[in-house]
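So that you can map any letter, position 159 of the sequence shown is 542 in our numbering, and since no number is skipped, the others follow by simple counting. The beta-carbon is built from N, C-alpha and C at its ideal position, and this holds for glycine as well.
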Amino acid sequence: MRVRYSIWDPSGNITALVESPVPVERQSAVAAELMARHPAVEQLGFVSWQAEDGTDAVLRMAGGEFCGNASMSAAALLQSRLESAAPSGAWITRSLRVSGAKQPVAVRLCREEEGVYRGAVCMPKARAIVETAFRWGGLSGRLPLVRMEGISHVIVSDASPLFALKDRPAEAEEAVKAWCRELGAEGLGLMFLELGEGDPRLTPLVYIPGSGTLFWENSCASGSSAAGMALAAENGRALRLTLEQPGGRLQVESDPESGETWLYGRTALLGQYDTEIRG
């Protein structure tokens with residue numbers, strides 16, 4: 384099988400996007416092979432420009448999950464493919480149909496230079512934010528569980544005893560797998576959130592059973608949004624915060640009254656490929 388794909392860097396959350404048509408039943412195998420070739424890639428999605436509902440493109444992640452960073456990158460890829468691409472400094476809006484999201488996802492883009500875009504993604508609303516009891520390895524506590532379309536996140540603040548799992552990576556990886564199964568989630572992230580002086584710091588661990596991937600991600604758009612949603616709900620007012628992450632910064636603006644959350648970041652093209660794979 385010959386595939387055309389590109390690799391993007393949205394705040395360190397390295398993402399591969401395949402443009403060649405690949406049947407859904409073969410996507411996991413294709414994703415596994417390409418991710419083996421590019422060990423820095425943390426997630427992979429399949430893009431189609433043949434949208435049938437008025438949207439600009441369709442993005443299906445290899446595990447069927449929702450991903451904000453991949454949505455931003457797919458919109459940037461689309462914009463880079465258009466002959467009438469907007470000039471640097473101009474904001475445009477694209478609408479994508481994304482796996483894990485029931486409604487089309489709006490992405491705003493501004494091209495900074497060739498292959499580099501600032502972006503804002505209107506994230507799907509949380510289905511629920513509930514305090515939930517968790518237990519692992521002698522540690523226990525009640526933590527905010529943010530159930531989103533296509534993925535759920537547990538917000539583990541540094542005030543919780545379970546924050547100790549951040550420094551016990553093997554235990555944290557087993558815990559996220561077990562909790563994902565118990566919750567029946569399409570995917571689950573543990574968002575280790577440090578709320579000290581200055582900007583909060585987020586360390587994301589994400590497990591997607593559909594693609595069999597487990598990563599300590601350099602950044603996580605949906606996890607950042609979930610943290611913003613949980614903090615806004617706790618404070619009872621709209622919040623805008625910048626989250627420092629291993630790969631860079633993401634900004635979140637969340638309003639608990641309207642339920643609207645915007646994720647702000649930047650994505651850059653790292654390379655484009657056209658090659659044969661076993662698939």
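Unbroken alpha helix (DSSP H) runs of no fewer than 4 residues, entirely contained in the segment 431-495, are found at 451-464, following chain order. Residue environment: residue 432 is assigned as exposed (fewer than 16 neighbouring CB atoms within 10 Å of its CB, all protein chains considered). Shown here, residue 551 sits in coil according to DSSP, grouped into three states, outside any helix or strand.
Assignment of residue 510 by DSSP, reduced to helix, strand and coil, places it in the coil class.
In the structure shown, residue 384 falls within a coil segment according to DSSP collapsed to helix, strand and coil. The closest CA to that of residue 560, considering only 408, 440, 590 and 637, is found on 590. In this structure, residue 638 sits away from residue 387, with a CB-CB distance that is not shorter than 8 Å. Counted as a single uninterrupted DSSP element, the beta strand (DSSP E) harbouring residue 399 occupies residues 398-401. Between residue 654 and residue 390, the C-beta gap is smaller than 8 Å, which places the two residues in contact. With respect to the C-alpha of residue 462, the residue from 493, 452 and 514 having the closest C-alpha is 493. With a beta-carbon spacing of about 11 Å, residue 539 and residue 528 fall beyond the 8 Å limit used to define contacts. The DSSP-derived three-state label of residue 639 is coil. Ranked by how close their Cα comes to the Cα of residue 452, the residues 552, 650 and 659 have 650 in first place. Residue 523 sits in a strand when the DSSP states are folded into three classes. For the pair residue 616 and residue 512, the CB atoms are nearer than the 8 Å cut-off. Here the segment 623-639 makes contact with the segment 582-597; the two share three or more CB pairs at distances below 8 Å.
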